[in-house]
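*Asks:*
2 protein chains.
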Amino acid sequence: MWSNVGILARVLSRGTAWHVPVVVLSRGWKRVPGARRLRVAPRTCVPCRASQSTAGHNSFSVRSHTCGELRSTHVGEVVTLCGWIQYQRHGMFIILRDFSGLIQVLIPEDESRAKLKEFCDVPVESVVKVMGKVRRRPAGQENMNMPTGEIEVCAETVEVLNVCQKLPFEIKDFVKKTESLRMQYRYLDLRSSQMQYNLRLRSRLVMKMRDYLCNKHGFVDVETPTLFKRTPGGAKEFLVPSRDPGRFYSLPQSPQQFKQLLMVAGIDRYFQIARCYRDESSKPDRQPEFTQVDIEMSFVDQAGIQALIEGLVQHMWPDEKGSVSTPFPSMTYEEAMRDFGVDKPDTRFGMKLVNVSEVFDSTDVPFLRDTFRQPGGCVQAICVVNGAKHLKSKDLESIKQVALVHFQQEVSVVVVKTDGTWKSPLGKMLPESVKQSVHQMTMAQPGDLLILAAGQQDVVRPLLGKLRLYCAELLEEKGVALRDPTAFHFLWVVDFPLFLPKKEEPGELESAHHPFTAPHPEDADRLFSEPHKVRSQHFDLVLNGCEIGGGSVRIHNASVQKFVLEKVLKEDSSLLSHLLEALASGAPPHGGIALGLDRLLSIIVGASSIRDVIAFPKSFRGHDLMSGAPSFVSKEELRPYHIDVKWPAAVEGTEQ
Amino acid sequence: MWSNVGILARVLSRGTAWHVPVVVLSRGWKRVPGARRLRVAPRTCVPCRASQSTAGHNSFSVRSHTCGELRSTHVGEVVTLCGWIQYQRHGMFIILRDFSGLIQVLIPEDESRAKLKEFCDVPVESVVKVMGKVRRRPAGQENMNMPTGEIEVCAETVEVLNVCQKLPFEIKDFVKKTESLRMQYRYLDLRSSQMQYNLRLRSRLVMKMRDYLCNKHGFVDVETPTLFKRTPGGAKEFLVPSRDPGRFYSLPQSPQQFKQLLMVAGIDRYFQIARCYRDESSKPDRQPEFTQVDIEMSFVDQAGIQALIEGLVQHMWPDEKGSVSTPFPSMTYEEAMRDFGVDKPDTRFGMKLVNVSEVFDSTDVPFLRDTFRQPGGCVQAICVVNGAKHLKSKDLESIKQVALVHFQQEVSVVVVKTDGTWKSPLGKMLPESVKQSVHQMTMAQPGDLLILAAGQQDVVRPLLGKLRLYCAELLEEKGVALRDPTAFHFLWVVDFPLFLPKKEEPGELESAHHPFTAPHPEDADRLFSEPHKVRSQHFDLVLNGCEIGGGSVRIHNASVQKFVLEKVLKEDSSLLSHLLEALASGAPPHGGIALGLDRLLSIIVGASSIRDVIAFPKSFRGHDLMSGAPSFVSKEELRPYHIDVKWPAAVEGTEQ
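Quick mapping for you: the protein sequence lines, in order, are chains E and G.
Here the numbering used here is used: position 8 in the first sequence is 1141, and no number is missing along the way.
Here the numbering used here is used: position 412 in the second sequence is 1545, and no number is missing along the way.
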């Protein structure tokens, strides 16, 4: 077939007793005609179908085995394999690859070898089908680095199913490619063993999560719409023009409203592996679409949701990554900020923040003393163990730079010398007793580095929190084994504030998470008097210093929800009238959580970017480098949507 | 708690020996403070948590049982239930409902009854928590229509968790609601037992499909992007403006390109329960987003894909709907058009088309004779068994009307009278022998109805195909049991044409399905000489006359794909350059299928619309009646996307 497009088809056969190699150099797909034309009659078996097993990776396929599954137990079996030519050796071996691994195929050495020459010219990455017998490799030729290295397949027929015409890069794990090239030719990049592992693991873990939620705990998988109404303040929501002039759908950032409505609807336990959208052009490394494991339950409290998630993580956790013990440790938001300077602490290492204010109370260094005497003022320190030993003065300078650039703040970087004295301008200003107290409180030893910062607590904490992580990276660059790359530290952070002062207008409040979060029961009465002091029933799940999930108990009372929207947040509650009406129609107490699936997976596989666990990610700038999306469309195509492009030159001025 | 918003909280307790009813009329959610504040320590057990079982519907919940699971085996157990008040009886019973069913709760009759009066005033659909002991109902008071009807729960405490303030309609299965009201208050509509069943069945069946594909056959669940590049001719794709001026993403109609690229990437077996988008404003009853079960395999042929799907349907099929036998019957497109006048025949009944041209060859009725003597001309008939008996002359008239309105064609509707003569103007024109031949060929009997149409075959077939279905509906309206409502007739339709003449320009060809479909192997050579005669390797899965899936073997050869795009379809192949490059980079032979999940589910549950198997569907006009989407957005919100609305008055003329 395909003869009109100039296909080179050749059948070479020979007559030795034990095998008849047939090499078909064809780009067509060999199919036996008329295999399926009879009505009702049992399906005609297609002769080229090597396997009709009822399960496994080879069911319904023309192959009998995958390349990687063959072992010495298969010796003597006639197998049919399909795969890609990984490479050729000595003009007599081809290494065939499929997703499961590699296998060596021997093109038998005999008088027909000359005829096989053409076959050996078929480029790597071409697709072939091989039929032949599995045999043990001759003694001494085994390759113990290869799972199939004890055996090889002695080809009887080889058929080229598709010739690989060109490749922008080789499909070898050791070949380095720029990320933009990987993105442009994603279909080749995905052939790498790492990307195959990542995508297959993702599928496997998601399946185990579904099993846990659906089969074990009675959750209902409900699909919610992605063409929805713009939410108040939904600046990060993509818009989708409709054919009704001026009306737009919006791609929601999460199914938050729908999951709560499903609880009002009596679904009781909902989950969805939900596609979410966020237009964050300002942020680097953004993915405009991402996936979250979205969960909501009725008649549950915070502890119940946390226990559910601990069980979920334990159930889905891959064996090859060790085990996860539960319950996960928990700390309050206040403790996290106090000890780690961040609400998502990386607890794989210490280097905690220490409040050393008290020892400076009695000193004569005015800027220190005055600072911490102001309301909210403090002096805090972190001790970088062996920091003086590993870090060069260039590194110490960069630490100061980070503080200056990100926080416009100076820090003192103190080298604790072998004799216990301080190498720092501060050393001369402070009496020995103060330095000793600081050593005691921070447990600093000779050879360590002390970083001291003075100022308002809400600046000093995040500043030292950032420097703590920065120093960890510096030390690891020097080869210090600070964080175990095989360790997974889960942590709950609880008791977040319900509201935060607005950045632009600190006199006003905004939701720390979202306006549907319920107040902490201990603080419930304060909601009406001192809302800024109210803690919430929000909780975050943190893994190795990354927030991988956030959950909360929701407000289920319509009047409380209305109070929060109108009185605290000063928002137009009519935009959420459908939700308020739902809460007034018999809403059960409910709560839930959303886990960031991409982030979780990337940590599990140790990827540096979530792009490595997404099949077709967008680039750093939100572009699809393979197809060129987003792309220009014609004025004609915009007409049905009643929109027109305002080109930048025209944006601020007149219409074009 | 919530005391500031005026909550009526009351605790009534009394001191009898065997129970202490506590009625808490509170809209707040009772929670024990400080339940979770300790770090690392084992989670503090919340006293109100009735069950900490490790699996099932009540794990992690404050209830111990669901309402519907209680049976006489639970007698004597103290249980905690949460649910909605379905109704109250005699001021002493409440019927509590959750997703699992109903249970009767007895408010014990004793001296405190007066105090309970207030509780009895709580409106239906309020949410309550009841703790009490299961007991056998007094003899004679059992309700055998209720699965829990042998028992009742004798309340010890009752807590009102949320008061239902208002309801636009009652949550009773027998209450009829308009569909727009159901859509506006979808969260109430979903409380009905039918909608609960539909959504839960959907979740269950999807889970079984995943189990079959992922666990049994090695498929990999891969999420593909929904923000993609507009495909050539993608008039039905929604556009999503990006922040790059003039550039748009597009919401794809299916993951077709991605699934093929995944095969090139060596994923080997892909599936996804994929959200798809289609902007079909012109069509009624559209859903702008819908879900398909999307499958692609490498190294497979058409028979393999069909066998996979038969196994899938069998595996997921719900027990309560009988069994499905495989393989499914199969017929060619030509057979389907010939016998049923449609490419998705409803094979639950006969009434097949019969070509009666030959008997009119010798007649004197010129318009009949001349018609079928033209190329493609024919006279065809369907016989409506007992049609004359059941259908009135008004019905016969409506049959003619359908033909006129939809096909601008006249048909002869012939009543075969008890004496075998024809009641029809045609009866007088035709000799008896012709009528006898028609009777023989159509197997018409006295009391039947014959519908005859003459004309071009490609008009007559769909015309009679439509009238066949119309007559079936008419007969069923009269109470004739034509189609078994519990029967499920699966059917493969195969050997579709690869190309069809364009409607606007019949001299040009367009893809019958999509340009990636491979030609039928028997017709492969014709592709280059007579493409209009080429059959494809496309196949449809039909259930009860609805197309529920379409699959094909794809073109895996780059030059064939290029030929089809450029030479046959006259399209700009550069818009698909990424796909052509991929095919040239070692694409394996591959094929796949997509099943319409919404449609399949709606047929299984017997719903009249796919809206009944979607949690939050759009209305007939594509609107979300609950939230009001799509909605207006401000000029300010459009600014980041560099677009402007062209209001209709301005569309054709100048900018506004």
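Backbone N, C-alpha and C fix where the C-beta goes; we use that ideal spot for every residue, glycine too.
Where are the beta strand (DSSP E) runs, 3 residues long or more, that stay fully inside the region 1641-1728 of chain G, in chain order?
*Replies:* 1642-1644, 1671-1676 and 1679-1686
*Asks:* Give the secondary structure of A1469 (chain E) by DSSP, where H, G and I count as helix, E and B as strand, and everything else as coil.
*Replies:* DSSP, reduced to helix, strand and coil, places A1469 (chain E) within a helical segment of the structure shown.
*Asks:* Please name the residue in E:M1316, E:R1601, E:L1563 and E:V1547 whose C-alpha comes closest to that of S1557 (chain E).
*Replies:* Among E:M1316, E:R1601, E:L1563 and E:V1547, the Cα nearest to that of S1557 (chain E) is on E:V1547.
*Asks:* Quick one: using the 10 Å Cβ neighbour count with 16 as the cut-off for buried, is Y1345 (chain G) buried or exposed?
*Replies:* It counts as buried.
*Asks:* In three-state terms, what does DSSP make of T1206 (chain E)?
*Replies:* helix
*Asks:* Where does the unbroken alpha helix (DSSP H) through T1575 (chain G) begin, and where does it stop?
*Replies:* Following the DSSP letters along the chain, one finds T1575 (chain G) inside the alpha helix (DSSP H) bounded by residues E1565 to T1575.
*Asks:* Quick check on this structure: which residue in E:H1539, E:L1709 and E:A1587 has the alpha carbon closest to the alpha carbon of V1512 (chain E)?
*Replies:* Of E:H1539, E:L1709 and E:A1587, the smallest CA-CA separation from V1512 (chain E) is found for E:A1587.
*Asks:* Is the separation between the beta-carbon of S1387 (chain G) and that of L1372 (chain G) shorter than 8 angstroms?
*Replies:* no
*Asks:* Using a beta-carbon distance below 8 angstroms, is V1260 (chain E) in contact with chain G?
*Replies:* yes
*Asks:* Using a C-beta cutoff of 8 angstroms, does H1689 (chain E) count as contacting chain G?
*Replies:* Answer yes: the Cβ-Cβ gap between H1689 (chain E) and chain G drops below 8 angstroms somewhere.
*Asks:* Thinking just about the alpha-carbon of each residue, which of G:G1510, G:V1675 and G:L1486 is nearest to the one in F1493 (chain G)?
*Replies:* When each option's Cα is compared against that of F1493 (chain G), the closest is G:G1510.
*Asks:* Note down, in chain order, all residues in the region 1371-1383 of chain G with a beta-carbon under 8 angstroms from any beta-carbon belonging to chain E.
*Replies:* F1371, L1372, V1373, P1374, S1375, R1376, D1377, P1378, G1379, R1380, F1381, Y1382 and S1383
*Asks:* Specify the secondary structure class of C1215 (chain E) as computed by DSSP and reduced to three states.
*Replies:* strand
*Asks:* Of all the CB atoms in chain E, is at least one closer than 8 angstroms to the CB of M1759 (chain G)?
*Replies:* yes
*Asks:* Terminal residues of the continuous alpha helix (DSSP H) containing C1604 (chain E)?
*Replies:* Going by DSSP, C1604 (chain E) is part of the alpha helix (DSSP H) stretching over Q1590 to E1610.
*Asks:* Tell me which same chain residues have a C-beta within less than 8 angstroms of the C-beta of Y1220 (chain E), skipping the five on either side of it?
*Replies:* I1227, I1228 and V1257
*Asks:* List the DSSP bridge partners of C1516 (chain G).
*Replies:* Bridge partners of C1516 (chain G) according to DSSP: G:L1583.
*Asks:* So which of G:E1638, G:V1535, G:E1210 and G:L1563 has the shortest CA-CA distance to K1599 (chain G)?
*Replies:* Comparing Cα positions, the closest option is G:V1535.
*Asks:* With H, G and I counted as helix, E and B as strand and the rest as coil, what does DSSP make of C1536 (chain G)?
*Replies:* Per the sequence shown, the amino acid found at residue 1536 (chain G) is Ala instead of Cys. It is helical.
*Asks:* Tell me which residue opens and which closes the alpha helix (DSSP H) that Q1405 (chain E) is part of.
*Replies:* Per DSSP, Q1405 (chain E) belongs to no alpha helix (DSSP H); it is in the beta strand (DSSP E), R1402 to Y1410.
*Asks:* Check whether chain E comes within 8 angstroms of V1286 (chain G), counting only Cβ atoms and requiring the distance to be less than that.
*Replies:* no
*Asks:* So the candidates are G:E1210, G:R1744, G:I1515 and G:Q1393; which of them puts its Cα closest to the Cα of S1718 (chain G)?
*Replies:* G:Q1393
*Asks:* Specify, as a first and last residue, the run of the alpha helix (DSSP H) that P1558 (chain G) falls within.
*Replies:* P1558 to M1562
*Asks:* Hey, how far is the Cα of K1779 (chain E) from the Cα of S1710 (chain G)?
*Replies:* 29 angstroms
*Asks:* When you compare the CB of P1421 (chain E) with every CB in chain G, is at least one pair closer than 8 angstroms?
*Replies:* yes
*Asks:* Indicate whether the contact test is met: 3 or more Cβ pairs, each with one atom in the region 1728-1737 of chain E and one in the region 1686-1694 of chain E, closer than 8 angstroms.
*Replies:* no
*Asks:* Residues of chain G with a CB under 7 angstroms from the CB of A1715 (chain E): which are they?
*Replies:* Y1320
*Asks:* Which residue's Cα is closest to the Cα of A1288 (chain E): E:L1698, E:L1239, E:E1275 and E:S1767?
*Replies:* E:L1239
*Asks:* Compile a chain-ordered list of the residues in the region 1562-1596 of chain E whose CB is closer than 8 angstroms to at least one CB of chain G.
*Replies:* none
*Asks:* Pick helix, strand or coil for Y1220 (chain G), following the three-state DSSP scheme.
*Replies:* Under the three-state reduction of DSSP output, Y1220 (chain G) falls in the strand class.
*Asks:* Out of E:Q1420, E:G1367, E:V1353 and E:S1414, state which residue places its alpha-carbon closest to the alpha-carbon of A1398 (chain E).
*Replies:* E:V1353
*Asks:* For A1440 (chain E), report the span of its alpha helix (DSSP H) as first-last.
*Replies:* Q1435 to M1449
*Asks:* Would a C-beta distance cut-off of 8 angstroms place M1430 (chain G) and H1723 (chain G) closer than the cut-off?
*Replies:* yes
*Asks:* What number of angstroms, rounded off, separates the C-alpha of H1671 (chain E) from the C-alpha of T1206 (chain G)?
*Replies:* 40 angstroms
*Asks:* Is the shortest distance between the beta-carbon of H1711 (chain E) and the beta-carbons of chain G less than 8 angstroms?
*Replies:* yes
*Asks:* Which residues in the same chain as R1182 (chain E) place their Cβ atom closer than 7 angstroms to its Cβ, once the five residues preceding and following it in sequence are excluded?
*Replies:* At R1182 (chain E), the pLDDT of 40 sits below 50, so the modelled position is not reliable and the matter cannot be decided from this model.
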